[in-house]
Amino acid sequence: MPSYFAHSALLPSGWSDAVSFSIDGQGFFTNVRPNSDPVGTEILPGVAVPGAVNLHSHAFQRGMAGLAERGGEKAGTFWSWRDVMYEFVSSLTPTDVQTIAAQLYVEMLRAGYTSVVEFHYLHMDPVGRPYATLGAMSDAVLWAAAAAGIGITHVPTLYRSGGFDAPVTDTQRRFVMDPDMLLLLLEGLVAESAGDPQRRVGLGLHSLRAVPHEELGSMVTAAWSADSEAPIHIHVAEQRREVEECVAALGARPVEWLVDNSPLDSRWCTIHATHLSPDEIRKLASSGAVAGLCPTTEANLGDGIFPLPDFLGAGGTIGIGSDSHVTVDPVGELRLLEYGQRLLWESRNVAARGRDQSTGAFLYQATLKGGARAAGRPVGALAEGHRADIVILDPDHPTLAGRTGDTLLDSWVFSATGSPVTDVMVGGRWVVRDGHHASEEPIAARYRTAMERLWA
Ligand SMILES: [Zn+2]
C-alpha cells in the first residue's frame with residue numbers, strides 16, 4: 074500500500090503539518106494522519122491540497138473557445154454565441170469529440186482539476202440519427218477521461234425542444250434523443266460504470282426551455298430507479314430572456330417552477346441560476362441543491378452576476394465549472410466569482426463577508442464541498458474513504474514564496490502569475506509530474522490536427 078508524506082496539507086479540519094497518506098489499490102485514502110513520521114513514505118514535493126472539482130463541462134466547446142469574439146450587428150448576445158456553437162457542432166465526429174475532450178482533460182489536470190462533470194447533450198449523428206452504437210459520443214468522452222486520467226461524472230442529457238413550446242431546429246437535431254433511448258443509454262452506462270471508482274453517471278436535463286415539463290418528472294424518477302443517488306443537473310435562469318419566456322410559458326420563474334414542481338433536493342445541481350428573486354434564493358438554498366457557477370463563461374456570455382452574498386447568507390451550497398472552457402483553471406473561476414461581486418458591491422472580500430476566514434480559502438473549500446456533491450463521488454477532501462486526488466503546489470513558486478496556510482491559498486487564487494501546480498494525483502495515480510502530463514504531446518498533436526481540419 075503506497076504511503077506519502079506532506080510537510081503541509083489542507084485537510085477537512087484545516088491546515089495540518091507532517092501529514093501521512095496511505096492509499097489502497099482502488100485509489101482511496103485508507104489513512105490520513107497529521108503529525109506523522111516520514112520514514113518509509115514518499116515525500117511529496119510541495120504543499121498538498123485536494124484536487125478541484127469541475128462540476129460543469131461541455132467538452133466539445135473547448136474546440137471553439139475564443140472563436141465567437143467578433144463584434145458586428147448580431148454578435149452581442151448569448152443567442153448569437155449559440156449560433157456559432159451550432160455551426161461548429163454540425164460536423165463533429167465521435168473521434169473529434171474524443172480528441173477535443175482528451176486535450177481539455179489534460180489541461181484541466183494540469184490546472185488542478187482532478188474530477189469533472191460532463192454535461193453531455195451531443196448524442197446524434199450530423200442529421201440527427203442515432204449512431205450504430207447508441208452511446209458513441211458518450212464513449213468518446215469517457216475514453217478521453219480514461220486516457221487523460223481524470224475522474225468523471227458523465228451526465229447524458231435530455232434535450233427535446235428548441236425553446237418553450239418550440240420545435241427543434243435543424244441545428245439542434247444532434248442534441249435530441251428520445252427519452253426511452255436516453256434512459257437506455259443511461260442504464261447501460263450505470264451498469265458499465267459499476268465498480269469503477271473513477272466514474273459515475275448522472276442525469277442531465279438541458280433546461281426548462283429544452284425539456285417539456287411533463288417529461289421532466291418521469292425522467293428523474295426513471296434515473297433514480299437506475300441509481301437512487303444519481304446526481305441531476307439542469308441549466309437554469311442563465312439569461313433574463315429565458316426567465317421571461319419561462320414565466321410566459323409556465324407561469325413561474327425557472328427556479329420557482331422547479332421548487333414547486335420537481336423533487337429538488339441535494340442530489341440536484343442547478344447550473345448558473347444567475348437570475349433569482351429573493352424568494353428563489355431562499356428556496357434554492359434550503360433545497361440543498363448546489364448552485365453550479367461558471368464565472369468565466371457567464372462573463373464571456375454576458376449572462377449576469379450570481380447573487381452570491383444572499384445565497385451564501387441563506388446557507389446555499391456552491392461549486393464551480395468551466396462550462397464553455399474560455400478558461401480552464403479553478404482559481405481563475407474563483408477569482409472572477411469574487412471580483413464580479415467586488416465590482417457590483419464596491420466592496421472587498423464579499424464571499425467571506427461575516428466569516429473570520431480568508432476569501433481564497435473559503436471559496437476553495439466551499440466549492441470543493443459543492444463540487445463533490447454535484448459529482449456524486451467521494452472527492453474534494455484529503456480524508457479517509459475519499460478518492461486520493463491530490464494537487465501539489467510549489468512553495469518556491471514566486472507567487473507562493475513566504476506564504477503558508479490560508480495566505481498561500483489567497484495568493485494562488487488572487488495573484489498567481491503562472492501556475493504553481495507541479496504535480497497532480499488522481500485516484501492514487503500520478504497524472505501530472507513536474508508540470509507535465511505523460512501524454513500531453515501526442516494528445517496536443519492530435520488536437521492541433523483536428524482543429525486545423527475543422528476550422529479550415
Ligand atoms: Zn452549460
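Under this note's numbering, the first residue of the sequence shown is numbered 74, with each subsequent residue one higher. Beta carbons are placed, not taken as given, at the ideal position from N, Cα and C, and that holds for glycine.
Proximity below 9 Å, CB of residue i to CB of residue j
i	j	result
V499	G268	no
I344	H308	yes
S280	P229	no
L527	D169	yes
Q176	A517	yes
E406	A424	no
H89	P111	One point to set straight first is that residue 89 is Ser, not His, in the sequence displayed. No, the Cβ-Cβ distance between S89 and P111 is not below 9 Å.
T114	Y77	yes
T26	F487	Beyond the ends of the chain as shown, which are 74 and 529, falls residue 26; an answer cannot be given.
H306	V249	no
L258	S211	yes
Endpoints, the beta strand (DSSP E) within which residue i is located
i	result
N373	Element bounds for N373: not the beta strand (DSSP E) but the alpha helix (DSSP H), 368-373.
S280	276-280
L436	Here L436 belongs to no beta strand (DSSP E); instead the alpha helix (DSSP H) covers 432-448.
Y194	Unbroken run through Y194: none, as it is neither H nor E.
I391	390-393
F94	87-96
V423	Note, V423: premise wrong, no beta strand (DSSP E); not H, not E.
Backbone CA spacing between residue i and residue j [nearest angstrom]
i	j	result
R502	G100	7 Å
S153	N373	12 Å
M181	A448	16 Å
S291	Y520	39 Å
T480	R183	22 Å
T522	A264	35 Å
P515	P351	50 Å
G145	G375	16 Å
G508	A205	40 Å
L349	F384	10 Å
V332	E142	36 Å
D469	C367	30 Å
E288	L231	10 Å
E329	E353	6 Å
L278	A474	45 Å
H459	G453	8 Å
D429	H80	25 Å
S492	V320	44 Å
T390	P304	15 Å
Y178	V92	29 Å
R282	R476	47 Å
Continuous alpha helix (DSSP H) stretch holding residue i: start and end
i	result
N334	327-334
S81	Run containing S81: none in the alpha helix (DSSP H); it sits in the beta strand (DSSP E), 76-84.
I173	167-184
Worksheet item: Just checking, does the segment 118-136 make contact with the segment 434-447 on the three C-beta pairs under 8 Å criterion?
Response: yes
Worksheet item: Taking three-plus beta-carbon pairs below 8 Å as touching, is the segment 154-162 in contact with the segment 109-123?
Response: no
Worksheet item: Are at least three pairs of beta-carbons, each pair with one atom in the segment 417-428 and one in the segment 452-467, less than 8 Å apart?
Response: no
Worksheet item: Would you call the segment 187-194 and the segment 215-233 touching, i.e. three or more CB-CB distances under 8 Å?
Response: yes
Worksheet item: How do the segment 330-339 and the segment 359-369 stand: do at least 3 beta-carbon pairs fall below 8 Å, yes or no?
Response: yes
Worksheet item: Pick out every residue whose C-beta is nearer than 6 Å to a heavy atom of ligand 1: which are they, in chain order?
Response: H129, H131, F192, H308, I344, D396
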